[in-house]
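**Q**
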Amino acid sequence: PYTVPGIVPGLLGSIIAFMGLILFVRAIRRNGYRLGVGREEAEAFLKKDSTRRSLLTLAACLIYSSILLGRVPYLAATILFVFAFIAIFEYSEAKRRNKLLRTLIIDAVIAVSTGAIIAGVFQYLFLVKLP
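If you're matching positions, the sequence shown starts at 1 in this note's numbering and goes up one per residue.
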């Protein structure tokens, strides 16, 4: 049970979540939770490009971790995730430059290389069996 691949990230995540909870409770006790954010500020925040990109990143990571991993072989899931992630964030720039096909080919090469390197490192260097 101590060789489970997710034990260290799970332990670290639990510690970080616990410390975040402590900070949250401390902020509430000291009345530090009042931000004074109104409707206009919230709408402006949600319309910002950086907010949209952050939400897209969160959605992509959740799809990868909760839908792809475990149902699709690790290498295929990682290649698909990396390709989709790069393509999503480069789409508008590539379309503007009229180099969409070239960009997608480069994205595919990067995704395959990244997936193979990550899988190889975990399987042969760290000796972790991947799903």
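Where a beta carbon is used, it is the ideal one built from N, C-alpha and C, also for glycine.
Using three-state DSSP, classify Leu130 as helix, strand or coil.
**A** Against the sequence shown, residue 130 aligns to sequence position 130. In this structure, Leu130 counts as coil in the three-state DSSP scheme.
**Q** Taking 8 Å as the cut-off, does the region 106 to 120 touch the region 81 to 89 (at least 3 CB pairs, one atom from each stretch)?
**A** yes
**Q** Which residue's Cα is closest to the Cα of Phe89: Gly10, Asp49 and Ile117?
**A** Position 89 of the sequence shown, counted from the start, is the residue given in the question as residue 89. Nearest option by C-alpha distance: Asp49.
**Q** Check whether the Cβ atoms of Leu130 and Pro5 lie closer than 9 Å to each other.
**A** Here the question's residue 130 lines up with position 130 in the sequence shown. Here the question's residue 5 lines up with position 5 in the sequence shown. Going by C-beta atoms, Leu130 is nearer than 9 Å to Pro5.
**Q** Within 8 Å, do at least three Cβ pairs link the region 49 to 60 to the region 20 to 35?
**A** Too few Cβ pairs lie closer than 8 Å, so no.
**Q** Rounding to the nearest angstrom, what Cα-Cα distance links Leu62 and Asn98 in this structure?
**A** Reading the sequence shown from its first residue, position 62 is the one you call residue 62. Reading the sequence shown from its first residue, position 98 is the one you call residue 98. For the pair Leu62 and Asn98, the Cα-to-Cα distance works out to about 31 Å.
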